[in-house]
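Colleague: In full-length UniProt numbering, the protein residues as written are 1 to 263.
C-beta atoms are modelled at their ideal positions from N, C-alpha and C, and glycine is treated no differently.
None of these values were measured; they are calculated from a predicted model.
Dropping the structure in here first, questions after.
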């Protein structure tokens, strides 16, 4: 639905620092700096705590490295100056000022007051910026969400002729931002479906076979890997960036055995 809406726009302008799907659709791309190249910013971690992040890198090459100790090279630019990546907030402010009726400084009132007014989770910011790493936005009664990593016991019996599909995150391959790192790229393995060796044999499958897994909103085709150190009642599918695993699934589910076929 979002893709259809974007296609109806007369012009799509995207501010991003990554080759995201939105960038591929854009009519105009305004490059931005990354989080840690900009001014001090804040982000919310998985605990719900607001944390400060200071810039650690500024783009560009020192003159001493390109000149050999002499005068900088006298090379004419093949592009107009001023097109270097900038902070997304600065780009949006310039765009707002250039639009008809613009000119008002975005967030002309205090930014913290604006956040507190627009988002209930930030109400405690109305008096101004918090001390570094000292504000927890997650409600205290939700703190037990991460108290235990032990999986809950199974309360329902296994449906006959079904396997439980487990959606898992991989250290390399699931998180999108890390996927753009050349350092982590060699560690990223191609996605596969994991089955117990005995279960695969019972279904007439073997390691290396291409298999088709029918899900509520589509079919996935990927190679099969077998293991002996896993439950025979489950199959494991990674939330991998190269795999369109969101086929009507948001959590683990029981899948009929007949939905798994050799590809």
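Check the DSSP bridge columns for residue 194 and list the partner residues they point to.
Modeller: If you number the chain shown from 1, residue 194 lands on position 194. DSSP output for residue 194 lists 225, 236 as bridge partner(s).
Colleague: Could you tell me the alpha carbon to alpha carbon distance between residue 14 and residue 92, rounded to whole angstroms?
Modeller: Taking the first residue of the chain shown as position 1, residue 14 is located at position 14. Taking the first residue of the chain shown as position 1, residue 92 is located at position 92. Cα to Cα, residue 14 sits roughly 10 angstroms from residue 92.
Colleague: Helix or strand or just coil, what does DSSP make of residue 42?
Modeller: Looking up residue 42 in the chain shown gives position 42. In the structure shown, residue 42 sits in a strand (DSSP, three-state: E or B).
Colleague: Alpha carbon to alpha carbon, how far is residue 51 from residue 43? Give it in angstroms, no decimals.
Modeller: In the chain shown, counting from the first residue as 1, residue 43 sits at position 43. In the chain shown, counting from the first residue as 1, residue 51 sits at position 51. Distance between the alpha carbons of residue 43 and residue 51: 5 angstroms.
Colleague: At what residues does the alpha helix (DSSP H) containing residue 21 begin and finish?
Modeller: Your numbering for residue 21 matches position 21 in the chain shown. Taken as a continuous stretch (DSSP letters only), the alpha helix (DSSP H) holding residue 21 covers 21-25.
Colleague: What's the gap between the Cα of residue 26 and the Cα of residue 230?
Modeller: Here the question's residue 26 lines up with position 26 in the chain shown. Here the question's residue 230 lines up with position 230 in the chain shown. Whole-angstrom Cα-Cα distance: 45 angstroms.
Colleague: Please name the residue in 165, 170, 187 whose C-alpha comes closest to that of residue 196.
Modeller: As a working mapping, residue 196 is identified with position 196 in the chain shown. The shortest C-alpha separation from residue 196 is found at 165.
Colleague: Is residue 70 close to chain D, meaning its C-beta is less than 9 angstroms from at least one C-beta of that chain?
Modeller: Among the protein chains of the structure shown there is no chain D, as only one such chain exists.
Colleague: Determine the contact status of residue 163 and residue 260, defining contact as a CB-CB distance below 9 angstroms.
Modeller: Position 163 of the chain shown holds residue 163. Position 260 of the chain shown holds residue 260. For residue 163 and residue 260, yes; Cβs fall inside 9 angstroms.
Colleague: Give the DSSP-derived three-state secondary structure of residue 211 in the structure shown.
Modeller: Sequence index remark: in the chain shown, residue 211 carries index 211 (1-based). Here residue 211 sits in strand by DSSP.
Colleague: Within this structure, are the beta carbons of residue 241 and residue 173 separated by less than 9 angstroms?
Modeller: By 1-based counting over the chain shown, the position of residue 241 is 241. By 1-based counting over the chain shown, the position of residue 173 is 173. Yes, these two residues count as a Cβ contact at 9 angstroms.
Colleague: Among residues of its own chain, excluding the 5 on either side of residue 66, which ones have a beta-carbon nearer than 8 angstroms to its beta-carbon?
Modeller: The residue you call residue 66 lines up with position 66 of the chain shown. Excluding sequence neighbours, residue 66 sits near 72, 73.
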